[in-house]
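In what follows, a single structure is set out as structure tokens and then discussed.
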Amino acid sequence: MIALAIPFAAQAQDKPVQINFGGGVSFPVGDVGNSFDTGWNFAAGLTFNTNEVVGLQAEYQFHRFNGPERVFNNVAPSPGTDRILIESNQQMNVVDFNVVLRAGGTSGVRGYLLAGPGIYWRKVQLTTPSTGIITVCDPYWYVCYPTPVATDAIVGDRTATDFGVNVGGGVNFGAFYVEARYHYVFGEDIQAPGGQTYSTKASYFPITVGFRF
843 MIALAIPFAA QAQDKPVQIN FGGGVSFPVG DVGNSFDTGW NFAAGLTFNT NEVVGLQAEY
903 QFHRFNGPER VFNNVAPSPG TDRILIESNQ QMNVVDFNVV LRAGGTSGVR GYLLAGPGIY
963 WRKVQLTTPS TGIITVCDPY WYVCYPTPVA TDAIVGDRTA TDFGVNVGGG VNFGAFYVEA
1023 RYHYVFGEDI QAPGGQTYST KASYFPITVG FRF
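Shown next as structure tokens:
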């Protein structure tokens, strides 16, 4: 079965247009990794091959990260509600445009590099099974309340659209591919009540496996 896939892929590399889809694991890197755990991703793209070495790719990606549970003091407690549990998640929609450089030749196993800019739409949701009043400030939650706020099933959600860049590489094994990338997202600064400024710039490292036709 593998022997059949490799010749098929060698022919597919010569196609002027290719599509790809895949999924995998996504790692938040640096400070954002303190607010969110390892997540998952989905990717689908379209590549226009100018020749057997150079391609121009447009791709959509979705990433989701759940955050660790965090407990806050209730600043206006009622009996039995002196502590409040907060759960979080981040969803990231990405559209990027890349230049793809592939190793030459007709082998079914071919490495490639890619890089380019992108638009990153990030959404953070905060939920709680508790009720009460809290203060909270976390730049990667896009939330910084200077005064106590009431909690409910949904504390709130925030969105941000930012510019970013990505660079990475992978290997095609026939129609199958394995790919790793580094994403850097530029973000706004958030000012805490005490005047301290926090950055929402963030880095992500997804590893994706999929198929290319």
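My numbering puts the first residue of the sequence shown at 843, with every later residue one more than the last. From the three backbone atoms N, C-alpha and C, an ideal C-beta is built for every residue, glycine too.
The beta carbon of V859 sits closer than 8 Å to the beta carbons of L888, T889, F890, N891 from its chain, once the five residues preceding and following it are set aside; these are given in chain order. In terms of Cβ geometry, G881 and F904 do not form a close pair [threshold 8 Å]. In the three-state reduction of the DSSP assignment, S949 falls in the coil class. Here V1007 is not near P1048, since their CB atoms are 8 Å or more apart.
Three or more pairs of CB atoms, one per stretch, sit closer than 8 Å, so the region 1035-1054 contacts the region 1019-1027. T969 and G1010 have their C-alpha atoms some 34 Å from each other. The alpha carbon of F1005 has as its nearest neighbour, out of V867, F914, V936, the alpha carbon of V936.
The beta carbon of F1053 lies closer than 8 Å to those of N862, F863, G864, A1017, F1018, Y1019 in the same chain, with the five residues before and after it left out. Cβ neighbours of V951 within its own chain (closer than 6 Å, five residues either side excluded): F1015. Secondary-structure assignment with DSSP links T1050 through a beta bridge to G866, E1021. With 16 or more other Cβ atoms inside 10 Å of its own Cβ, V966 counts as buried.
According to DSSP, residue pairing for A900 in a beta bridge involves L888, F939. Separation of the CB atoms of N916 and I928 is rounded to 11 Å, and the pair is thereby denied contact status at 8 Å. Taking 8 Å as the upper bound for CB-CB distance, Q899 and L955 are not in contact here, some 12 Å apart. Cβ neighbours of I961 within its own chain (closer than 6 Å, five residues either side excluded): V937.
In terms of Cβ geometry, V1013 and G946 do not form a close pair [threshold 8 Å]. A distance below 6 Å between beta-carbons, with the five flanking residues on each side excluded, links N931 to the following residues of its chain, in chain order: N908, Q967. Scanning F939, P910, A1002 for the CA closest to the CA of A885 turns up F939. Going by DSSP, V874 is part of the alpha helix (DSSP H) stretching over 874-877. A Cβ-Cβ distance of about 6 Å is found for the pair G866 and N883, placing them in contact under the 8 Å criterion.
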